[in-house]
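J.: Numbering (mature numbering (1 follows the signal peptide of the UniProt record, and there is no 0)), first residue to last: -37 to -1, 1 to 136.
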């Protein structure tokens, strides 16, 4: 059984849906988490269970995915300029900047004012186009992150497969 999380689509895909929704808490998962100890562990397990139920191999993991998921969740709670979602680099560019070049990927975002939960995030994603991310067997790795700050609860799930070709550097003439 592969214990490293994250799989996604053959085509590059970004399916991000944000629900409106102090002192910071950052949570993330690399690989299959041990016994449930945190919201991100529970979220990882619930997503992996759906992935496996669809006939896919269990997710693996990547530190680049975890770092990106945490960065996105943190930005959702503390958006630059106070405008939710604006000002952040798309996940595929963030991953490439960390050396993880994707052949397939998907992103699910959830933010709510007040208390959130892994189940609420998953329910939201399953009722939106993000539901197509989790049964996609082309994504081999998964990372989840939860960031709680300023009365907001944000969750991010990134599923992807590495192996894309890095972009060529620009030609200077």
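By construction, the Cβ of each residue, glycine as well, lies at the ideal position given by its N, Cα and C atoms.
In its own chain, which residues sit with a C-beta less than 6 Å from the C-beta of residue 107, not counting the 5 before and 5 after it?
T.: By 1-based counting over the chain shown, the position of residue 107 is 144. Within the same chain, residue 107 has close Cβ partners -9, 3, 6, 7, 120.
J.: Quick check: the Cα distance between residue 18 and residue 136, rounded to an integer number of angstroms?
T.: Along the chain shown, one-based indexing puts residue 18 at 55. Along the chain shown, one-based indexing puts residue 136 at 173. Cα to Cα, the separation comes out at about 50 Å.
J.: With DSSP run on the structure shown, which of helix, strand or coil describes residue 112?
T.: Translated into positions along the chain shown, residue 112 becomes position 149. Strand at residue 112.
J.: Quick check on residue 76: does DSSP put it in helix, strand or coil?
T.: As a working mapping, residue 76 is identified with position 113 in the chain shown. In this structure, residue 76 counts as strand in the three-state DSSP scheme.
J.: How about residue 80 and residue 103: are their beta carbons less than 7 Å apart?
T.: Here the question's residue 80 lines up with position 117 in the chain shown. Here the question's residue 103 lines up with position 140 in the chain shown. Going by C-beta atoms, residue 80 is not nearer than 7 Å to residue 103.
J.: According to DSSP, simplified to helix, strand and coil, what is residue 107?
T.: Residue numbering aside, residue 107 sits at position 144 when the chain shown is read from its first letter. DSSP places residue 107 in strand when its eight states are reduced to three.
J.: Would you kindly work out how many angstroms separate the C-alpha atoms of residue 65 and residue 11, rounded to a whole number?
T.: What you label residue 65 is simply residue 102 of the chain shown in a count that begins at 1. What you label residue 11 is simply residue 48 of the chain shown in a count that begins at 1. Rounded to the nearest angstrom, the two C-alpha atoms are 19 Å apart.
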